[in-house]
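These protein sequences, in sequence, are chains A and B.
Under the numbering used here, the first residue of the first sequence is numbered 955, with each subsequent residue one higher.
Under the numbering used here, the first residue of the second sequence is numbered 1104, with each subsequent residue one higher.
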Amino acid sequence: MAAAHPSPGIPLLSGEPFPIALYDVHAGYGRIEVLHGIDISVRQGEVTALLGPNGAGKTTALNVMSGLLAPTSGCRHVAGQHLNGADADVLARIGISHVREGRSIFPNLSVDDNLLVATASGSSLTRIRDLSFTLFPRLAERRRQLAGSLSGGEKQMLALTCGLGTDPSVLLIDELSMGLAPMVVAELYRAVAAVAAAGVGVLVVEQFATVGLQFATNAYVMAHGVITYAGPSDGATKAIHAAYLGAGGQVA
Amino acid sequence: MTELLQFTLFGLMLGCVYAVAAMGLVLTYNVTGVFNFAHGAVGMLAAFAYYELRVEHDLPTVVAILIVVFVLGPISGLAAERLLRRFRGADFGSSLVVTIALTVGLLGLGQKIWDPGEARPVPLLLGDRRMTVLDVPISYDRLVQVAVAVAVAVGLRFLLFRTRVGAFMRAVVDDPELGRLKGIRPVVIARISWMIGFALAALGGVLFAGGQILSAVVLTLLVLNAYGAAMIGRLRSLPMTFVGALALGLIQELTNVSWLWPDGEVFARTRLAIPGLFLIAAVLLVPSGRLSAGRQVGRRHPPTPTVTRSALAGAVLVAAVAISAHAGPDNATRFIAQAAVMATIALSLVTVTGTSGLVSLTQYLFVGLGAFAYGESFGGNGIVGLFVAGGLAAGVGILAALPSVRLSGLHLALSTFGVALVGRELVLGDDRVLGVSGIQVPRPDVFGISTSSDAAFAVFAAIVFVLFALGLVAVRRSRWGRRLVALRDSELAAATVGLPVRRTKVIVFAASAFMAGCGGALFGGLQGAVNGTQFEPVNSLVIVLFAFVGGITTVSGAAVAGALFALLSYMEATYPDLSGLIFIAIGAAAISLGRQPHGISGLLISAGNRLRDAWTARGRRDAPAPGPADLVEVGGTA
């Protein structure tokens, strides 16, 4: 199913079935189209980076993957199944976990309640709790505190742990590093790498390219709603420079 | 002292019933984002259903209550969720109109099933038993009210903070989108909250009904009183809602203490106006949070025609009215006049709501004032009388608008409804104004021409409507009109570019009240005699629905609304079996038109455009396909 690639010129990462993939997806808000036909596939057990400057359409691509936004044309495949019409809550229960940009937590709920709500996707509360509190022991100390009163790093820990604690098959993370100290970022990414090693397909969106590339095996570079590079992450530098500095043109 | 104690206790107990109803309202509003204006009507229907089961079918009290609260309430809550699902994410105006439509429709339904002419006394829930607390005799019913309210409050607290579903509900309140990303099914949560909300409305209705003689309107308004309590909790906090409910109950009952509240008619009327005053005070005094930019619901509006074209259309309209009024069947003439009168009143809503985006639920207060001014002071004085009527209404409109101009959206709508409730008791209900006995309103002589015949009056009313309509069109095409459009699109953005938002709002309210007042003068002339009961707040809701169905954004929509009103009245008059039809029909129409923001008129305009496009495109094969492009909603936000 992934064999016939709709837009030649951009190399495929591989021919194997992916836990999640977009093919020639167009999407946007109202009459404004943001994605002009993009192809992204996430491999199981690997961290894939999606990089690009502000306004490239990275967040929109993630929103299409997690079902917050329906593609206007093209296909969303989940584990090889064509699932264009599925809503976000359905996809969440299937096993797609999306950690949104900013703090993807419920600020007026306590830490415990945030973990409880994460069980809506069908995983057990004890599992999520054990995982979170072993991964980030600091959260255990703040169990009864409102999530909104946590520090920035702690909020992101909570968001991440709610996202990966539900035993997902795909983890989509938007701007994990934003506004955080480098030490905290490293701590968070260690957790992400561990999740990927356990067999989850991870896609990280980063505006700060170097951070994303450090941890990723493969990378996509986006600019102006199209993919300008797809391939191993160490070969992405040129495309990134083009995308960020406006050198223009596609770098294959 | 015993008196004070007695009424303090009574007040707290009354507050408990308000609390039950208000907490249901707050819960639904928070979880679904829909302010259920129909909460009162649901409580009213529940009370009637309870009467049917308890009195007519002689079921035991407990069984009847259980059926009403735990079966009928939740089932109708499910139905409401289904009905309102497509309005999720709609702007506040359309979801408010739909629940108003539900209110009016249910009120009509209630009056259709249970003839208002028949007295239906409901026995006290627990009979005549009573006990004495601190020398105050208290019926068991009132104790039950307290127990139920406390149980509901504790139960809701437990549900929200101790259960998984409760955590999901709070999560959805906090961030609906993130809730979906976590796998919460929005429909399930919405259903649960509608079921609980309706069950609590039903419970409130039944508690109110005990020991009363049922009246649909009175019961609806009783539950509506709880809105003020909900506003004290900012529509967010359940504990503060409870406090607000107790405060309202206390204030109402303490006015029965002889040394606290003076005698006299004015004070007696003020006592009746307390729920309305409380609502206004709650909306005004409790900070309603940040000024929000509102959702950008960019909408294309039908283009405003040129004044010349409108003048032509107006001339055609007047001619058509003149011809049909003179040539048509005699019994129809009166309804043609009625159409023109109602169109004028609907036009006042096109001005305030359609053009400027301010929802006003108080128009019939102005209509009543206009009728009063025309009848009382300057009867028969033609044009001058009209100006007096409009001027009085505009003056009151400015007074009513001044405190609430800083509000917007739902808060503004609720404060205008509060004004309607207060106006009914303090102004129109007063015998010196209209009262129950009412006054005579003559028809004017215009430049020596008598309008005492229905046909002449129809033409006169049509001319008045057309003149107002032309004025509105001219304003809309002017610089000032663009200011109003800016206001409607985003109040915050309008303020940032330096438009005097508040002054503009006051002027708009005054202009709208002026039109409504003149409409009222015509209304009085049409009826010949009016009294206070013709200008109930409910009528203000009904006319909003008519304007909305006709097309609240266009001047032609007001004409359609007036015609529709007259048509339905005509059918009611011709076929007595259809009495009560108006409420049900307009409620159903408003619900089904729902997300078509330009009403029937908008549908006609876009159909006309499609025809015209097809006509101009004929022969040209490559012409773009005519689509509904003229009237599409520009979706969403960035």
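C-beta atoms are modelled at their ideal positions from N, C-alpha and C, and glycine is treated no differently.
All values derive from a computational prediction rather than experimental measurement.
- Not one beta carbon of chain A lies nearer than 8 Å to the beta carbon of D1592(B).
- Under the rule that a run must span 4 or more residues, the alpha helix (DSSP H) segments found entirely inside the stretch 1350–1393 of chain B read 1368–1388.
- In the same chain as S1518(B), and ignoring 5 residues on each side of it, the C-beta atoms closer than 8 Å to its own belong to L1382, I1383, V1386, L1387, P1506, S1507, L1510, in chain order.
- Buried is the label assigned to M1445(B), since at least 16 other Cβ atoms lie within 10 Å of its Cβ.
- Taking 8 Å as the upper bound for CB-CB distance, A1717(B) and I1448(B) are not in contact here, some 36 Å apart.
- DSSP places N1172(A) within a strand segment (E or B) once states are collapsed to three.
- In the structure shown, the three-state DSSP call for M1147(B) is helix.
- Only residues of its own chain outside the window of five on either side were considered, and among them G1532, N1634, G1635 have a CB closer than 7 Å to the CB of G1538(B), listed in chain order.
- Between G1106(A) and I1287(B), the alpha-carbon positions lie close to 25 Å from each other.
- Relative to the Cα of D1534(B), the nearest Cα in the group E1368(B), R1591(B), A1304(B), I1241(B) belongs to E1368(B).
- K1192(A) counts as exposed, since fewer than 16 other beta carbons sit within 10 angstroms of its beta carbon.
- Contact between V1663(B) and S1704(B) holds: their C-beta atoms lie close to 5 Å from each other, under 8 Å.
- Inclusion of L1303(B) and G1127(B) in the CB contact set at 8 Å is warranted, their separation being smaller than that value.
- Contact check between the stretch 1169–1183 of chain A and the stretch 997–1013 of chain A: three or more CB pairs, one atom from each, fall below 8 Å, which counts as touching.
- Against chain B, the beta carbon of P1061(A) has neighbours under 7 Å at D1277, listed in chain order.
- Assigned with DSSP and collapsed to three states, S1086(A) falls in helix.
- V1658(B) and A1572(B) have their C-alpha atoms roughly 6 Å apart.
- In this chain, the alpha helix (DSSP H) harbouring A1333(B) covers 1329–1335.
- As the crow flies, the alpha-carbon of V1346(B) is around 10 Å from that of S1340(B).
- When Cβ pairs closer than 8 Å are counted between the two stretches, the stretch 1149–1159 of chain B is seen not to touch the stretch 1278–1295 of chain B, the count staying below three.
- Of all C-beta pairs linking the stretch 1463–1475 of chain B to the stretch 1600–1610 of chain B, fewer than three are shorter than 8 Å, placing the two stretches out of contact.
- Residues of the same chain with a CB within less than 6 Å of the CB of H1052(A), apart from the 5 flanking positions on each side, are S1020, L1126 in chain order.
- At the C-beta level, A1144(B) and V1171(B) stay beyond 8 Å of one another.
- Here the stretch 1330–1337 of chain B lies against the stretch 1118–1133 of chain B, with 3 or more beta-carbon pairs under 8 Å apart.
- DSSP places Q1035(A) in the strand class (E or B) of the three-state scheme.
- Closest option to K1012(A), judged by alpha-carbon separation, among L1157(A), S1187(A), L1199(A): L1157(A).
- Just so you know, the alpha carbons of V1588(B) and L1205(B) end up roughly 29 Å apart.
- With respect to the 8 Å criterion, V1611(B) and V1499(B) are not classified as neighbours on the basis of their beta carbons.
- Look at the stretch 1271–1300 of chain B: the residues with a C-beta under 7 Å from a C-beta of chain A are F1271, R1273, A1274, D1277, D1278, E1280, L1281, R1283, L1284, K1285, G1286, I1287, R1288, P1289.
- Under the Cβ distance rule, V1139(A) does not count among the residues neighbouring chain B, no pair being separated by less than 8 Å.
- Chain A places no beta carbon closer than 8 Å to that of R1265(B), leaving this residue out of the contacts.
- Here the alpha carbon of V1236(B) sits roughly 15 Å from the alpha carbon of G1114(B).
- P1342(B) has its alpha-carbon roughly 35 Å from the corresponding atom of F1090(A).
- In this structure, F1138(B) lies near T1202(B), with their beta-carbon atoms less than 8 Å apart.
- Judged by DSSP in its simplified three-state form, I1552(B) adopts strand.
- Around the CB of F1550(B), fewer than 16 other CB atoms lie within 10 Å, so the residue is classed as exposed.
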